[in-house]
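Student: Got a structure for you, questions after.
Protein chains: 4
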Amino acid sequence: MESDRLEAFSDGVFAVAITLLALDLAVPGPGHGQLGYLLHHHLPSFAAFAVSFLTIGIIWVNHHTLFKNFARIDRTLLFLNLLLLFFVVCIPFGTSTFAAYLPAGHFDASLATAIYQGVFEGMSLSFGILFWWAIRHEHLKIALTPAAAKTAVIRFGIGNVGYTAAVGVAFVRPAASLAISALVGIYYIFEQTPARSSAPAAPDDPGNPGDPAATG
Amino acid sequence: MESDRLEAFSDGVFAVAITLLALDLAVPGPGHGQLGYLLHHHLPSFAAFAVSFLTIGIIWVNHHTLFKNFARIDRTLLFLNLLLLFFVVCIPFGTSTFAAYLPAGHFDASLATAIYQGVFEGMSLSFGILFWWAIRHEHLKIALTPAAAKTAVIRFGIGNVGYTAAVGVAFVRPAASLAISALVGIYYIFEQTPARSSAPAAPDDPGNPGDPAATG
Amino acid sequence: MESDRLEAFSDGVFAVAITLLALDLAVPGPGHGQLGYLLHHHLPSFAAFAVSFLTIGIIWVNHHTLFKNFARIDRTLLFLNLLLLFFVVCIPFGTSTFAAYLPAGHFDASLATAIYQGVFEGMSLSFGILFWWAIRHEHLKIALTPAAAKTAVIRFGIGNVGYTAAVGVAFVRPAASLAISALVGIYYIFEQTPARSSAPAAPDDPGNPGDPAATG
Amino acid sequence: MESDRLEAFSDGVFAVAITLLALDLAVPGPGHGQLGYLLHHHLPSFAAFAVSFLTIGIIWVNHHTLFKNFARIDRTLLFLNLLLLFFVVCIPFGTSTFAAYLPAGHFDASLATAIYQGVFEGMSLSFGILFWWAIRHEHLKIALTPAAAKTAVIRFGIGNVGYTAAVGVAFVRPAASLAISALVGIYYIFEQTPARSSAPAAPDDPGNPGDPAATG
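Residue numbers (the working numbering), protein chains in the order written: chain V, 1 to 216; chain C, 1001 to 1216; chain L, 2001 to 2216; chain B, 3001 to 3216.
As structure tokens, then:
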């Protein structure tokens, strides 16, 4: 089974979700105060929109890079991908809840932030499971040594640590929690998916002769 | 006529419908009570969202698997596919109606649930007709024996029994009706489309020599 | 220039527009009266939704059939296609305006209906221009005789007559106007695009030896 | 890395954004005054919708033409493309803010117009950077002489001048500012992307023998 249509459907979901994000930027309209005041009051919306846009954009780039390296897709991968998309379509909900409740302060601001970060964490966790499963069942076109695979899973999954921390920080300083997700997003701009970063370790690479794992 | 563009358009509709589902998760915002209370009050929305997401996801997986096995597409299939999509785009409407009226209780809760399940039933019925028509007019790439075709249609169409039952149960216990659709969705996670499950019975399979239908 | 990406973008617009249509089906929710009453009051929405869904579905089928027969795409076709899409994205607006104002009666009902039908007419006219332009500049893969081309343009463009009539009828009997668009949609289910129906008249067809136009 | 999936995802975003634009055309419904009056009051919405539709349409056409000429896509281009899409998804927000606040007059009308034009400027600037970067790092399939490349970047980026002027004019005559964006859109209907307009200067073109830059 080829990955073409899985990618087309996923791209559709990513495209709709990333565009719907911007619907929440709308200000109430004349009669609710000066536009400048409304925009200033709307700052959490803009900040959350930027972070969520970056996050969905990163997921798309990594999804794109990962599935390009998949030799085959089976039914389990279809459903693991659906699980990932489940959290992706929840991102606009998490974003708007955070933007609406952050100014409310108190426990509601923390709860809304935790929900927002929890959606990111669910996305990150299901992407990590998908990646781990694909490597374990050898869906990748390139062979990874056990050591390279382990490193790949760790580097790919490191976002989970950030999002879990962000859920915790949500109950102490909600606004700081948003900064953590932004940093995770920026990390993934520079960190490529393991399938690419491990390419130099592929079988046709004469290097690493002394690495025992390279023969595994 | 190839199925590429039919699949692209259908994937677009699936992707938009599955992402729009999440728009109804939005809580009213500060000033309508504590967020925790609002979320608790919103539980039917979350449950219905999960079931509808699963259902559209399953339809996509089965649509994907089925059309991959289609050798050709004719104008009738285009319109049968449009009929299927008609019910797919109604799923967000059914979901939000159910979520809004379940807490209202009385006849309104039952009516809303019956509409929701009726949309699923319409989708399931039109998918069944599409499948039956494709097999009958030999659109599939693999040849099915009459017996295998019959089994395939029955196994593929069994969801209709579930959804019809769910419409009936809607008038007795609306919430239980939702559980039935969830179970139908879970059934289709494990039940593959007939086109695949009958692959071992394809002509190049030396087995089943004593099966008279295998020569039909 | 190939038509692949033009089709992909158009399919995206068709898919989003056809799915957004269903958003207007939403009833106001508990506290606005019995659900049965609201649904009954909502009948114009459901009827308009069905007609608009059918219309966008037909446009997609014809778009699909037509562009499959295009040998090449130039910049003019890209913009004629954009003009067609302009009216397609207006269909949800026309549909909801019609559904909201039909029950209002008087001039507002007629004006809303005329807007709705005017959007259909704009779509139909721009599709007709696109088709006429493509035939005139020989973008089709198959050669059409001048007579066949003329017949094709007339049969393809006949919907314009229906929609123009519907705009007029809007000011007399708005509800009857909707029936006209439904009939035009049903006509196009059976009427194929000229590119296909004229296939038997293609050069490799030994028939029609006495038709002087066949040598033109 | 091929550009197929980048184009598919971008097309999805363009398609959703261009279709969502039309959602803001909706008039308030009966009970808010005569439909004719509401439509008249809604004129800024219709004008802004037309300009934004034209603009997104042009971006799509140019994106389509440009990426067709890309020999390869790297990670930097993926992110530059995301930056472009960031501003594309903001266009519906800019459009609705402009449409809502233009009638309000005073500073709010100017601020809303400046935001709208600022979104266009951000889009235009990021598209210009993407184009400049692609030429500089030789991603194009055809070789451009330094002189042709310089001309191409200038002609492609000239929209930035228009949008920057429009931001300034927003504070003097907001409505006139809209006319400037419309003119920029019309300019790009006729001005093709440099990759195409420079085709006659490609290596297999015997012309321009005396142009020293042709050997660079």
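Ideal Cβ positions, reconstructed from N, Cα and C, are used throughout, including at glycine.
What are the boundary residues of the alpha helix (DSSP H) that P1044 (chain C) is part of?
Tutor: Here residue 1044 (chain C) corresponds to residue number 44 of the second sequence, with the count starting at 1. Residues 1043–1068.
Student: Scan the stretch 1023–1034 of chain C for residues whose Cβ lies nearer than 8 Å to a Cβ of chain V and list them as they occur along the chain.
Tutor: Hits within the stretch, in order: L1023, L1025, A1026, V1027, G1029, P1030, Q1034.
Student: Classify D2024 (chain L) as helix, strand or coil using the three-state DSSP reduction.
Tutor: As a first step, residue 2024 (chain L) must be located in the third sequence, where it is residue number 24. Helix at D2024 (chain L).
Student: Counting along the chain, where does the alpha helix (DSSP H) carrying P2146 (chain L) start and finish?
Tutor: Taking the third sequence and counting its residues from 1, one reaches residue 2146 (chain L) at position 146. Counting along the chain, the alpha helix (DSSP H) containing P2146 (chain L) begins and ends at 2146–2157.
Student: Drop a sphere of 10 angstroms on the beta-carbon of A2176 (chain L), count the other beta-carbons inside from all chains shown, and report buried for 16 or more, exposed for fewer.
Tutor: Counting from one through the third sequence, the residue named residue 2176 (chain L) turns up at place 176. Exposed is the call here.
Student: Could you check if D74 (chain V) is buried or exposed, using at least 16 other CB atoms within 10 Å of its CB as the buried criterion?
Tutor: For the purposes of this step, residue 74 (chain V) is taken as residue 74 along the first sequence, with counting starting at 1. D74 (chain V) comes out exposed.
Student: Using a Cβ-Cβ distance cut-off of 7 Å, determine whether F1070 (chain C) contacts chain V.
Tutor: By one-based count along the second sequence, residue 1070 (chain C) stands at place 70. Closer than 7 Å: no.
Student: Spell out whether any CB of chain V is found under 7 Å from the CB atom of L3038 (chain B).
Tutor: Within the fourth sequence, residue 3038 (chain B) is the residue found at index 38, counting from 1. Chain V, which has no Cβ nearer than 7 Å to the Cβ of L3038 (chain B), makes this no.
Student: Have a look at N992 (chain C) and L3178 (chain B) and give me their C-alpha separation to the nearest angstrom.
Tutor: Residue numbering for chain C in the displayed model covers 1001 to 1216; residue 992 (chain C) lies beyond these limits and cannot be assessed.
Student: Taking 8 Å as the cut-off, does the stretch 1092–1101 of chain C touch the stretch 1029–1037 of chain C (at least 3 CB pairs, one atom from each stretch)?
Tutor: Touching, no.
Student: Considering Cα atoms alone, identify which of C:S1003, C:V1184, C:L1025 is closest to T2065 (chain L).
Tutor: Locating residue 2065 (chain L) in the third sequence gives position 65, counting from the first residue. For the residues C:S1003, C:V1184, C:L1025, the minimum Cα distance to T2065 (chain L) belongs to C:S1003.
Student: Looking at the structure shown, is F2009 (chain L) part of a helix, part of a strand, or coil, going by DSSP?
Tutor: Mapped onto the third sequence, residue 2009 (chain L) falls at position 9. Reduced to three states, the DSSP call for F2009 (chain L) is helix.
Student: Determine the closest residue to T2151 (chain L) out of L:Y2037, L:R2173, L:A2165, L:G2128, with distance taken between C-alpha atoms.
Tutor: Start at 1 with the first residue of the third sequence, and residue 2151 (chain L) comes out as number 151. Looking at the Cα atoms, L:G2128 is the closest of the given residues.
Student: Using 10 angstroms around the beta-carbon of F3093 (chain B), count the other beta-carbons present and answer buried if the total reaches 16, otherwise exposed.
Tutor: For the purposes of this step, residue 3093 (chain B) is taken as residue 93 along the fourth sequence, with counting starting at 1. With 16 or more other Cβ atoms within 10 Å, it is buried.
Student: Taking just the CA atoms, how far does R1155 (chain C) sit from H1042 (chain C)?
Tutor: Taking the second sequence and counting its residues from 1, one reaches residue 1042 (chain C) at position 42. Taking the second sequence and counting its residues from 1, one reaches residue 1155 (chain C) at position 155. Cα-Cα distance, rounded: 35 Å.
Student: For F2014 (chain L) versus I2058 (chain L), is the C-beta distance shorter than 7 Å?
Tutor: Position 14 of the third sequence holds residue 2014 (chain L). Position 58 of the third sequence holds residue 2058 (chain L). Not in contact: F2014 (chain L) and I2058 (chain L) (Cβ atoms no closer than 7 Å).
Student: So the alpha helix (DSSP H) V3088 (chain B) belongs to, where does it begin and stop?
Tutor: Within the fourth sequence, numbered from 1, the residue matching residue 3088 (chain B) stands at position 88. Segment 3075–3101, the alpha helix (DSSP H) holding V3088 (chain B).
Student: Starting from R2136 (chain L), follow the alpha helix (DSSP H) in both directions and report where the run begins and ends.
Tutor: Residue 2136 (chain L) sits at position 136 when you count from the first residue of the third sequence. Unbroken alpha helix (DSSP H) run through R2136 (chain L): 2106–2136.
Student: Inspect the beta-carbon positions of G1118 (chain C) and V1167 (chain C) and report whether they are closer than 7 Å.
Tutor: Residue mapping note: residue 1118 (chain C) aligns to position 118 of the second sequence, counting from 1. Residue mapping note: residue 1167 (chain C) aligns to position 167 of the second sequence, counting from 1. Their beta carbons are under 7 Å apart, which means G1118 (chain C) touches V1167 (chain C) by this criterion.
Student: Would a C-beta distance cut-off of 7 Å place L20 (chain V) and V27 (chain V) closer than the cut-off?
Tutor: As a working note, residue 20 (chain V) is residue 20 in the first sequence. As a working note, residue 27 (chain V) is residue 27 in the first sequence. No, Cβ-Cβ distance for L20 (chain V) and V27 (chain V) is not below 7 Å.
Student: Could you name the residues of chain V that R3005 (chain B) contacts, counting a contact when the two beta carbons are closer than 7 Å?
Tutor: Along the fourth sequence, one-based indexing puts residue 3005 (chain B) at 5. Neighbours of R3005 (chain B) on chain V, chain order: E7, D11, H64.
Student: Can you name the residues of chain V whose CB is closer than 7 Å to the CB of T3097 (chain B)?
Tutor: To locate residue 3097 (chain B), count along the fourth sequence from 1; it is residue 97. Near T3097 (chain B) (Cβ distances below 7 Å), the residues of chain V are V27.
Student: Helix, strand or coil for H2040 (chain L), going by three-state DSSP, please let me know.
Tutor: Reading the third sequence from its first residue, position 40 is the one you call residue 2040 (chain L). Residue state, collapsed to three classes: helix.
Student: Please state if the CB of S1126 (chain C) and the CB of L1084 (chain C) are separated by a distance shorter than 7 Å.
Tutor: Counting from 1 along the second sequence, the entry for residue 1084 (chain C) is found at position 84. Counting from 1 along the second sequence, the entry for residue 1126 (chain C) is found at position 126. Contact flag set, yes.
Student: Between D24 (chain V) and the rest of its own chain, which residues show a CB-CB distance below 8 Å, the 5 nearest in sequence each way excluded?
Tutor: As a first step, residue 24 (chain V) is located in the first sequence; it is residue number 24 there, counting from the start. Excluding positions up to five away in sequence, the list reads S45, F49, P92, T95, S96, A99.
Student: From the beta carbon of G2057 (chain L), is the nearest beta carbon of chain C less than 7 Å away?
Tutor: Within the third sequence, numbered from 1, the residue matching residue 2057 (chain L) stands at position 57. Yes, contact with chain C.
Student: Could you check which residue in B:N3081, B:P3174, B:A3109 has the C-alpha nearest to that of W3133 (chain B)?
Tutor: Start at 1 with the first residue of the fourth sequence, and residue 3133 (chain B) comes out as number 133. Per the Cα distances, B:N3081.
Student: By DSSP, does F1190 (chain C) sit in helix, in strand, or in coil?
Tutor: On the second sequence, position 190 is the one that residue 1190 (chain C) refers to. Three-state DSSP puts F1190 (chain C) in a helix.
Student: Closest Cβ-Cβ distance between A114 (chain V) and chain C: below 7 Å?
Tutor: One-based indexing of the first sequence puts residue 114 (chain V) at position 114. No, because no Cβ of chain C sits closer than 7 Å to the Cβ of A114 (chain V).
Student: Distance cutoff 7 Å, beta carbons only. Does F1053 (chain C) sit that close to anything in chain V?
Tutor: Taking the second sequence and counting its residues from 1, one reaches residue 1053 (chain C) at position 53. So yes, F1053 (chain C) belongs to the interface.
Student: Any beta carbon from chain C within less than 7 Å of A2170 (chain L)'s own beta carbon?
Tutor: Taking the third sequence and counting its residues from 1, the one referred to as residue 2170 (chain L) is at position 170. Answer no: the Cβ-Cβ gap between A2170 (chain L) and chain C never drops below 7 Å.
Student: Can you say whether V2986 (chain B) is buried or exposed, counting buried as having 16 or more other CB atoms within 10 angstroms of its CB?
Tutor: A question about residue 2986 (chain B) goes unanswered here, because the residues of chain B that appear run from 3001 up to 3216.
Student: Taking the alpha carbon of F79 (chain V) as the reference point, which residue from V:G159, V:I135, V:P103, V:L6 has its own alpha carbon closest?
Tutor: In the first sequence, residue 79 (chain V) corresponds to position 79, counting from 1. F79 (chain V) has its Cα closest to that of V:L6, out of V:G159, V:I135, V:P103, V:L6.
Student: Between the alpha carbons of N1069 (chain C) and G105 (chain V), how many angstroms are there, rounded?
Tutor: Translated into positions along the second sequence, residue 1069 (chain C) becomes position 69. Translated into positions along the first sequence, residue 105 (chain V) becomes position 105. So the two alpha carbons sit approximately 55 Å from each other.
Student: Thinking C-beta only, is G3159 (chain B) closer than 7 Å to V3184 (chain B)?
Tutor: Mapped onto the fourth sequence, residue 3184 (chain B) falls at position 184. Mapped onto the fourth sequence, residue 3159 (chain B) falls at position 159. Contact flag set, yes.
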